[in-house]
Amino acid sequence: MAILGRIALATAAALAAVPSPAAAVDLVFSSRFYPVGSRELLVSDFNEDSIPDVAGLDYRNDALSVALGAGGGILGPTNRYGIVFRPLSAAAGDFDEDGRLDVAVGKSQEADTDIFILVGDGLGSFAILTSADVGDTDVTALETADLDADGHLDLVAASFDRDAIGITRGRGNGSFLPRRLILGIPDARDLVLGDWNGDGLVDVAVASIVLSVLFGDGAGGIMDDAFLESGARSPQSVDSGDFNEDGHPDLVCSNGARFPDKNVFVWLGDGRGGFSGGVGYQAWDRPRSVAPGDFDEDGHLDLACATDSDPFPEFVVFLFGDGSGRFPRSGDVSAPANSDVIAAADLDGDGHLDLIHRGFLSGLYVLLNRSAYALPAALRGNVNAAAGDVANVLFVNGMRGDDPKRVVELDKDERFFIRMNSPPSMGTAEACFALYAWVGRPNETTVTALPSGWGSSAMPMPPSGGRPRKIWNNTGDSSSFGTPNLPSVKAPSRAIDRAIGLKRRITAFLQGIIEDPASPSGAWGVTNGVTVVSR
25 MAILGRIALA TAAALAAVPS PAAAVDLVFS SRFYPVGSRE LLVSDFNEDS
75 IPDVAGLDYR NDALSVALGA GGGILGPTNR YGIVFRPLSA AAGDFDEDGR
125 LDVAVGKSQE ADTDIFILVG DGLGSFAILT SADVGDTDVT ALETADLDAD
175 GHLDLVAASF DRDAIGITRG RGNGSFLPRR LILGIPDARD LVLGDWNGDG
225 LVDVAVASIV LSVLFGDGAG GIMDDAFLES GARSPQSVDS GDFNEDGHPD
275 LVCSNGARFP DKNVFVWLGD GRGGFSGGVG YQAWDRPRSV APGDFDEDGH
325 LDLACATDSD PFPEFVVFLF GDGSGRFPRS GDVSAPANSD VIAAADLDGD
375 GHLDLIHRGF LSGLYVLLNR SAYALPAALR GNVNAAAGDV ANVLFVNGMR
425 GDDPKRVVEL DKDERFFIRM NSPPSMGTAE ACFALYAWVG RPNETTVTAL
475 PSGWGSSAMP MPPSGGRPRK IWNNTGDSSS FGTPNLPSVK APSRAIDRAI
525 GLKRRITAFL QGIIEDPASP SGAWGVTNGV TVVSR
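Every position in the sequence shown, counted from 1, becomes a number in our numbering once 24 is added.
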């Protein structure tokens, strides 16, 4: 393939110009594991109920696994569809044009068939319809679009072992024409589709030994001119977004390098097929994939990077964009497992981007974004949050606070009692809890993210190193939840009942942790908080 134009991407000067990261931005995510294959992740509405579903490839069990969304960011039971020996890649689209989403699955070289087409029934179930030929090769990445403008979806596949990409044109009935193999792309690992030269035709960016951009000819093929230059060594993944907000798509790739190397690179497109920048950033250790999205909700695209950092601590690393195409700030959140696949979507419908990433073996983790909740969320609590409306279980004098700040005002001489109810998930069963009291009011600066998806507290609790003034604790775990200095019994019960009242003027804040299988953690949830003002 002739290379008509070459564009210098990353240079030493560009790397030297990378600003030092500012203080990390605090993001809060609650995590939950699901036994859904995660070799590739697809987020779509497969059963047409307007709730996101998740499909992944189960590499060990040779299957496509699908978990339908149950609402609130929770995934239902996993259904597996045996497909092919060692599935590697997948793409969703309506290939048979019946109005329902189907899934194309690419295989490992050992299989006889290159791509399986699983036709969806619109209810979340799939059946094998047909197969497609992209050459006897590993299909390491798969994307779909109408490349030849005939109204039918086509397939573009990356081939690591054949040093090529394959283009397979669709017929519109779920079957495909013989593939066209485009050679000369060494170790093709990943690809993304877009229009980088502004001609309205689909182009292909490929992560290989270098970063390649191939321009579509509108007839299901690729024109000869492309650029093949890269400042990143052996890019692992590639994605696209308008990072400098000029209306033209840009490119980002990760190269999986170990720190302290620059390992995430950004190129800014000019809308005419040219690129500038090639600026490198460090995303901890060995980022395998990146997901663009506005995670800090400042109106600018950021990057979430899945890291494969074994034996080091596991993180999802964030590079925060400033709208100019640069990413001067960084942050991270702890992730339960090393990962090389990540996707961003609003899974619980709260308007904030969540994350899905590959977990151990054949499973994935859903990380629900709780960052923007801050003080109101901490006051509201985390009980029952994964199953429906957040439930109040903490009441002072029968009240949980009658305004958004959850304040209960009372006379210092009136009867004072605190009641803890069992969460809805426990029914009539008794629930263990730890309840804490601090002197003073909470504010935005006191919000603390607790571990294991328990939620956000409006004051620092013992699990995060806090030292409240009073502790009720019947969990049996004083090392995690604090040594009790007041007696308590399981909920439902009254934690305290003073007929003579508090007998002094005081402002105090109450919040706790309670046993709750329906919380995002599946074990414990932070209760609603109540500020008590005694006059």
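All C-beta atoms, glycine included, are put in the ideal place defined by N, C-alpha and C. In this text, all values refer to a predicted model and were calculated from it rather than measured experimentally.
- In this structure ASP309 touches THR331 by the C-beta definition: roughly 6 Å separates them, less than 8 Å.
- It is roughly 13 Å from the alpha-carbon of VAL513 to the alpha-carbon of GLU539.
- Taking 8 Å as the cut-off, the Cβ atoms of VAL129 and ALA116 do not count as close.
- Non-local beta-carbon contacts of ASP364 in its own chain, meaning distances under 7 Å to residues more than five positions away in sequence, involve ARG312, SER313, ALA330, ASP332 and ARG382 in chain order.
- Scanning the region 483-537 for uninterrupted beta strand (DSSP E) segments of 3 residues or longer gives 494-497 and 517-522, listed from N- to C-terminal end.
- Only buried fits GLY477, as 16 or more other CB atoms lie within 10 angstroms of its CB.
- Per DSSP, the continuous beta strand (DSSP E) segment holding ARG443 begins and ends at 440-444.
- Taken in chain order, the complete alpha helix (DSSP H) segments of 4 residues or longer contained in the region 351-411 are 398-404.
- Boundaries of the beta strand (DSSP E) harbouring ALA79: 77-82, taken from the DSSP string.
- Of all alpha-carbon atoms in LYS286, ILE524 and SER89, the one lying nearest the alpha-carbon of GLY80 is that of SER89.
- Secondary structure within the region 209-286: the beta strand (DSSP E) runs of 3 or more consecutive residues, fully enclosed, are 214-218, 227-231, 235-240, 246-252, 261-265 and 274-278 (chain order).
- Annotation: GLY148 to GLY375 spans about 24 Å, alpha carbon to alpha carbon.
- Here SER449 is not near ALA515, since their CB atoms are 8 Å or more apart.
- Annotated three-state conformation of GLY190 is strand, per DSSP.
- If the five residues before and after GLU269 are omitted, its C-beta is found closer than 6 Å to the C-beta atoms of GLY347, all from its own chain and listed in chain order.
- Annotation for ARG204: ILE191 place their beta carbon closer than 6 Å to its own, counting only its chain and skipping 5 residues before and after.
- Minimum Cα-Cα distance from VAL357 among the listed residues PHE319, ILE530 and ASP372 corresponds to PHE319.
- In the three-state reduction of the DSSP assignment, GLU454 falls in the coil class, being assigned neither a helical nor a strand state.
- Judged by their CB atoms, LEU392 and ASP372 are nearer to each other than the 8 Å cut-off.
- By the CB criterion at 8 Å, GLY349 and LEU292 fall inside the cutoff.
- Annotation for VAL90: the continuous beta strand (DSSP E) segment containing it runs 87-95.
- In this structure, ILE366 sits away from LEU377, with a CB-CB distance that is not shorter than 8 Å.
- With respect to the 8 Å criterion, ILE206 and ILE189 are classified as neighbours on the basis of their beta carbons.
- Three or more beta-carbon pairs drawn from the region 490-500 and the region 454-467 are found closer than 8 Å, and the two stretches are therefore classed as touching.
- Between the beta-carbon of VAL550 and that of GLN535 there is about 7 Å, and that keeps the pair under the 8 Å contact cut.
- When the alpha-carbon of ASP122 is set against those of PRO101, ASP145 and LEU112, the nearest one is in ASP145.
- By the criterion of a C-beta distance shorter than 8 Å, ARG522 is surrounded in its chain by ARG439, PHE440 and PHE441, once the five residues flanking it on both sides are discounted.
- Excluding its 5 nearest sequence neighbours in each direction, SER132 has C-beta neighbours in its own chain below 7 Å: PHE109, ARG110, LEU112 and ASP162, listed in chain order.
- In the DSSP assignment, ASN103 forms a beta bridge with VAL90.
- Around the beta carbon of GLY489, fewer than 16 other beta carbons sit within 10 angstroms, so the residue counts as exposed.
- Distances from the alpha-carbon of LEU399 to those of MET483, ILE520 and ASN221 put MET483 closest.
- In the three-state reduction of the DSSP assignment, GLY317 falls in the strand class, which pools E and B.
- The Cβ atoms of THR164 and SER183 lie closer than 8 Å to each other.
- Looking at PRO259, SER545 and SER199, the one whose alpha-carbon comes closest to that of ALA231 is PRO259.
- At a Cβ-Cβ threshold of 8 Å, ALA542 and ALA455 do not count as neighbours.
- Boundaries of the beta strand (DSSP E) harbouring TRP548: 548-550, taken from the DSSP string.
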